[in-house]
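Take the sequence shown: its letters are residues 16 to 175, numbered as in this note's numbering. Think of the CB as a built atom: it goes at the ideal place given N, C-alpha and C, for glycine as much as any other residue.
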Amino acid sequence: MRIGIISDTHGSLSCWQKVMSTLFQDVDLIVHAGDILYHGPRNPLPENYQPRGLAEAVNNLSVPLVIAQGNCDAEVDQMMINWPLQAPYAFLQIENLRILVNHGHSLSAAEREAQAHRFKVQLFVFGHTHIPLLEKKEDIIYLNPGSPSLPKEIWEPTAA
16 MRIGIISDTH GSLSCWQKVM STLFQDVDLI VHAGDILYHG PRNPLPENYQ PRGLAEAVNN
76 LSVPLVIAQG NCDAEVDQMM INWPLQAPYA FLQIENLRIL VNHGHSLSAA EREAQAHRFK
136 VQLFVFGHTH IPLLEKKEDI IYLNPGSPSL PKEIWEPTAA
């Protein structure tokens, strides 16, 4: 199974379309770590900001989508998206792989590690920082895919 992992799209339809037509072209499942439609008051408008268009694109996916609710996601976003915005965690088990997804805005690194151990996961996916991260501690992989629409620091748009 091929899984596409993304976070912090913040309503950018063109960034979503670019990722879908390249990295996610042959995925069987998409995991989104939150902040899907709204850009938030602290962020600039992302390129091609079209939250309604992005909601329509997400609703027309041909593969399943699992979303952990982000700090910029609200009830109105859930009204537009036909996939559950799960909070504070989305949990998946695919064969023997246990995955926990959380937006990341309310957990420190130590708290992430504690939750990963508590839920006995092998992969912990989070977002929020807009900065990609991939690290392994003990037998747990921590993955932040960054942001395809509003990357921070020196990073280009990213997804995993």
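Quick one: what's got a C-beta closer than 7 angstroms to L100's C-beta in the same chain, skipping five residues either side?
The beta carbon of L100 sits closer than 7 angstroms to the beta carbons of I82, Q84, D88, D92, Q93 from its chain, once the five residues preceding and following it are set aside; these are given in chain order.
Among the candidates K152, S121, F141, T144, whose CA atom is the shortest distance from the CA of H132?
Considering only K152, S121, F141, T144, the residue with the shortest C-alpha distance to H132 is K152.
Give the single residue among I45, F39, W170, K33 whose Cα lies nearest to the Cα of L107.
Comparing Cα positions, the closest option is I45.
According to DSSP, is S27 part of a helix, a strand, or is it coil?
Strand at S27.
N-terminal and C-terminal residue of the beta strand (DSSP E) that Q108 is part of
Residue range 105-109 is occupied by the beta strand (DSSP E) that includes Q108.
Within the stretch 39-103, note down every full beta strand (DSSP E) run reaching 3 residues or more, in order along the chain.
Counting only runs of 3 or more, we get 44-47, 80-83.
Does DSSP classify K151 as helix, strand or coil?
K151 falls in the strand class under three-state DSSP.
When you compare only the Cα positions, how much space is there between Q130 and M95?
Here the C-alpha atom of Q130 lies approximately 30 angstroms from the C-alpha atom of M95.
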